[in-house]
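Here's the structure we're looking at; comments come further down.
In full-length UniProt numbering, the protein residues as written are 1 to 259.
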């Protein structure tokens, strides 16, 4: 299976590289609330998952292994040996795979609103089938409702509309392929092998990956730190941008963090 990943780069070319992985149904633009602050310290590389945004969309189904290997190929293409990695949701799943299977490439790791096992598998397969049948737009409102708290949705309708548009613009084959990857995924056996210093962030009001999923990850990764944010649903970096940015900066550069 061929296909290159689309990416954007911000920040000084000689700074440490921070790779950002986004949620299912979004692109690297999901991280826009963090870019300005992070790019002051890092060469920030935001990539689109296989089948998303500007990346190639080969026929599925995909696997987490495949998504991770595509990221490794991107790093090789960029001639980058080692990176910090932060990923939310599907991006976090890929991050766990990378840290376990290519530990020499990952310096510090941040996992946000994600899961090592996100069943039921039949539900993901049914969603993939619906999307392949052309019904992504019909289920988009239900998906986006899980991304934001009702309070945020009521006060930021333009932001919610923009992320909904990002979702429905995702190629059907790519979205369905990644649904299949999540359906087949069980990263729990990999977690004990992760040696990168790891921050795990959950959101108190996240119905997609509830805080207990974050706790289960933190329990299995040696010396991981767990933080649960109040006032945020699944896209916590959008709903609580300052808090997430501060957590990332403090974790990625603990000696130089500004509190």
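Beta carbons: idealized from backbone N, C-alpha and C, even for Gly.
Note that the coordinates shown come from a computational prediction; the quantities given were computed from them, not determined experimentally.
Residues bridged to residue i [DSSP beta-bridge criterion]
i	result
residue 106	83
residue 74	In the DSSP output, where bridge partners are listed per residue, residue 74 has none listed.
residue 45	9 and 19
residue 198	109
residue 66	According to DSSP, residue 66 bridges with nothing at all.
residue 88	112
7 Å Cβ shell around residue i - same chain, five flanking residues per side excluded
i	result
residue 148	160, 233, 235 and 239
residue 94	21, 64, 67, 68, 71 and 87
residue 230	204
residue 243	229
6 Å CB neighbourhood of residue i in its chain, flanking five on each side removed
i	result
residue 182	118 and 124
residue 273	Shown here, the chain extends from 1 to 259; a query on residue 273 therefore has no answer.
residue 11	39, 42, 43 and 44
residue 213	115
residue 218	200, 224 and 226
residue 144	164
residue 7	45 and 47
residue 152	239
Close Cβ partners of residue i (< 8 Å) along its chain, the five nearest in sequence each way excluded
i	result
residue 100	187, 190, 191, 193 and 194
residue 222	192, 194 and 195
residue 2	For residue 2, the predicted model reports a pLDDT of 47, less than 50, meaning its position is unreliable and no value from the coordinates is stated.
residue 258	In this predicted model, residue 258 has a pLDDT of only 45, less than 50, meaning its place in the structure is not dependable; the value taken from the coordinates is given anyway. Taken in chain order, the residues that qualify are 249.
residue 37	245 and 249
residue 132	172, 173 and 176
Nearest to residue i (by Cα), restricted to the options the options
i	options	result
residue 48	28, 61 and 59	28
residue 114	228, 140 and 249	228
residue 112	73, 105, 204 and 8	204
residue 253	109, 98 and 9	109
residue 140	166, 150 and 156	166
residue 185	92, 58, 35 and 33	92
residue 210	116, 142, 56 and 80	116
residue 202	219, 33, 107 and 226	226
residue 180	9, 35 and 62	62
residue 135	13, 89, 4 and 176	176
residue 5	74, 60, 31 and 106	74
residue 83	104, 131, 132 and 158	104
beta-carbon residue i near the ligand GDP non-hydrogen atom, thresh 6 Å
i	result
residue 212	With respect to the ligand GDP, the structure offers nothing, as it holds no ligand at all.
Would you check if the stretch 160–179 and the stretch 43–55 touch, i.e. whether three or more CB-CB distances between them fall below 8 Å?
-> yes
Do the stretch 198–206 and the stretch 117–134 make contact, defined as three or more Cβ pairs closer than 8 Å?
-> No: the two stretches stay apart, fewer than three of their Cβ pairs being nearer than 8 Å.
Ordered list of alpha helix (DSSP H) runs contained in the stretch 104–162, each at least 4 residues = 121–132, 136–147 and 150–155
Ignoring anything shorter than 4 residues or poking outside the stretch 174–244, list the alpha helix (DSSP H) runs there in chain order.
-> 211–220 and 236–239
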